[in-house]
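In terms of our numbering, the sequence shown opens at residue 16 and continues consecutively.
C-beta: ideal position from N, C-alpha, C; glycine also.
All remarks here apply to the structure that follows.
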Amino acid sequence: MKVIKTIEEMRRWSRSTRARGETIGFVPTMGYLHEGHLRLIREAKKHADRLVVSIYVNPTQFGPNEDFERYPRDFARDESLCKQEGVDAVFYPSNEEMYRPFHKTYVITEDLSEIMCGVSRPTHFRGVTTIVAKLFNIVQPDFAVFGQKDAQQAVIIKRMVEDLNFPVKIIVAPIVRESDGLAMSSRNKYLNSRQRKEATVLYRSLQLAEKEYSGGNHDPESIKQKMRRLIERESGGKIDYIEMVDAETLGAPRPGEGDILVALAVYFNSTRLIDNTILKIR
Ligand code: PAF
C-alpha cells in the first residue's frame, strides 16, 4: 500500500492506474477510522480494481467554534487498518498541500446546504463540497462511497456531481451501528459514560418514527413531537433539529411518492450527534 502526500504524486498514481485499464474506487474520510469506514472500504472494493482512501481533516468544513483542533487523529492506526483492508493507496495530504495561500474558490450547493445541519453549521457544506470537488479532481475516481449516516451530505454530493458533471458514480452505504443501536461516529469518543448510554435514545426515537409511520401515523408533526418527547424524557440531550423530508430532494415529503428521510441532530454538551432513518413508501 502506498501512502501519498502530494497532489502531483496522487495524480501520477491515478494516471498510471487508468493507463493499465484499471478502475479506481475512492473513499474520502477524515481518518480515525472505525467499523463504519471499514464497511465503506469493503463496499468500494466490490466495485473497483484499485482503491484509494483519503485521510484529511478538512479545516473549511468546521465552524470557528467547532472541534477542528480536537478532532481525533491517529494516522498510524488508520494506515494499518487500510493495509489490513487491502487498500491500494492512502492519500494523506497536509493543509498546505490542499489549501494554498490565497485560496479563494469554493463550491456551494444552494438551498440544500442551508437547511437541517446547515442551520447550526452555516459554512459546513461549503467546506465539504469544496474539499470533495478538489479530491475528485485529484484522485479522478470512477466511483466514490459515502455513508448514509451523513444523509444530507450524501444528497448534496450527488447534487454537486450532477450539476458540475463530475464523471464519478456515487454509492451510499448503510449506517453501521454499535450493538446498542448508536450510529458509529468518530465523535462518539467525546461522550462520557452517562452521555454514551443516553445517546442510544437517538436510535430508539428513529425506531419510534418507523413504528408510528408503519402503524398508519403519516403526520410528520405528530411523529416529530413523539420523538422529541422521548429524547427529552430519556436523556439530557439538547435537540438541534428533527426533520422529516423527501429523501431525494430534502424538500417537503411528497405524500405517497418518494421515501421519507427522518433525520436528527442532538447535542450532548458540546458533542453534536446526527442520525437518520428512511421510511420506505413502497
Ligand atoms: O464525511 C466525511 O468524513 C467528510 O465530510 C468528508 C466527505 C471526508 C469530507 O471531508
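Let me make sure I understand the geometry here. Which of the options has the alpha-carbon closest to that of residue i?
i: residue 26; options: 149, 110, 286, 214; result: 149
i: residue 127; options: 296, 288, 280, 265; result: 265
i: residue 217; options: 243, 273, 176, 108; result: 243
i: residue 19; options: 45, 69, 37, 42; result: 69
i: residue 108; options: 229, 21, 17, 63; result: 21
i: residue 190; options: 106, 28, 162; result: 162
i: residue 132; options: 272, 281, 296, 17; result: 281
i: residue 61; options: 137, 35, 23, 100; result: 100
i: residue 194; options: 32, 33, 51; result: 51
i: residue 129; options: 114, 110, 116, 168; result: 168
i: residue 284; options: 233, 210, 248; result: 210
i: residue 268; options: 234, 248, 247; result: 234
i: residue 112; options: 23, 178, 33, 29; result: 23
List the endpoints of the continuous beta strand (DSSP E) containing residue i.
i: residue 70; result: 65 to 70
i: residue 279; result: 275 to 283
i: residue 159; result: 158 to 162
i: residue 185; result: 184 to 188
i: residue 57; result: It is not in any beta strand (DSSP E) - residue 57 instead sits in the alpha helix (DSSP H) that spans 50 to 62.
i: residue 272; result: Where residue 272 is concerned, there is no enclosing beta strand (DSSP E), given that its DSSP letter is neither H nor E.
i: residue 287; result: 286 to 294
i: residue 40; result: 39 to 44
i: residue 104; result: 104 to 106
Can you find the residues in the same chain that come closer than 6 angstroms, C-beta to C-beta, to residue i, ignoring five residues on each side of it along the sequence?
i: residue 192; result: 198
i: residue 201; result: 47, 87
i: residue 135; result: 255
i: residue 102; result: 16, 66, 68
i: residue 38; result: 63, 64, 157
i: residue 151; result: 181, 183
i: residue 253; result: 282
i: residue 93; result: 46, 48, 70
i: residue 263; result: 273
i: residue 289; result: 280
i: residue 144; result: 122, 124, 175
Go to residue i, then tell me how far its alpha helix (DSSP H) extends in each direction, as first and last residue.
i: residue 170; result: 166 to 178
i: residue 78; result: Neither: residue 78 is in no alpha helix (DSSP H) and is coded neither H nor E.
i: residue 93; result: 90 to 99
i: residue 22; result: 22 to 34
i: residue 113; result: 110 to 113
i: residue 147; result: 139 to 154
Assuming the contact rule is C-beta atoms closer than 8 angstroms, residue i and residue j should be a hit. Round their C-beta distance to whole Å, please.
i: residue 294; j: residue 275; result: 4 angstroms
i: residue 224; j: residue 260; result: Not a contact, Cβ separation roughly 13 angstroms.
i: residue 104; j: residue 67; result: 5 angstroms
i: residue 250; j: residue 227; result: In fact, because the Cβ distance is near 19 angstroms, the residues do not count as touching under 8 angstroms.
i: residue 171; j: residue 75; result: Between residue 75 and residue 171 the Cβ distance is about 15 angstroms, and since that is not below 8 angstroms, they are no contact.
i: residue 298; j: residue 215; result: The requested residue 298 does not occur in the structure, where the chain is confined to residues 16 to 297.
Excluding sequence positions up to five away, which residues of its chain have a Cβ less than 8 angstroms from the Cβ of residue i?
i: residue 77; result: 83, 86, 139, 142
i: residue 188; result: 54, 55, 58, 160, 161, 162, 163
i: residue 271; result: 296
i: residue 95; result: none
i: residue 313; result: The shown model of the chain, from 16 to 297, leaves out residue 313, and the question about it has no answer.
i: residue 291; result: 163, 164, 166, 190, 221, 276, 277, 278, 279
i: residue 287; result: 135, 202, 255, 280, 281
i: residue 81; result: 136
i: residue 247; result: 254
Tell me which same chain residues have a C-beta within less than 7 angstroms of the C-beta of residue i, skipping the five on either side of it?
i: residue 90; result: 46, 70, 107
i: residue 98; result: 16
Any beta carbon from chain C within less than 8 angstroms of residue i's own beta carbon?
i: residue 103; result: Looking for chain C here will not work: only one protein chain is present.
Quick one: any contact between the segment 196 to 210 and the segment 231 to 244, if contact means 3 or more CB pairs under 8 angstroms?
Between the segment 196 to 210 and the segment 231 to 244, the count of C-beta pairs closer than 8 angstroms stays below three; the two stretches do not touch.
So, do the segment 176 to 188 and the segment 138 to 157 have three or more beta carbon pairs nearer to each other than 8 angstroms?
Yes, the segment 176 to 188 touches the segment 138 to 157.
Any contact of the segment 40 to 59 with the segment 114 to 126, i.e. 3+ C-beta pairs under 8 angstroms?
Under the Cβ criterion (8 angstroms, minimum of three pairs), the segment 40 to 59 does not count as touching the segment 114 to 126.
contact_flag[the segment 163 to 171, the segment 33 to 44] where n(CB pairs < 8 angstroms) is 3 or more:
No, the segment 163 to 171 does not touch the segment 33 to 44.
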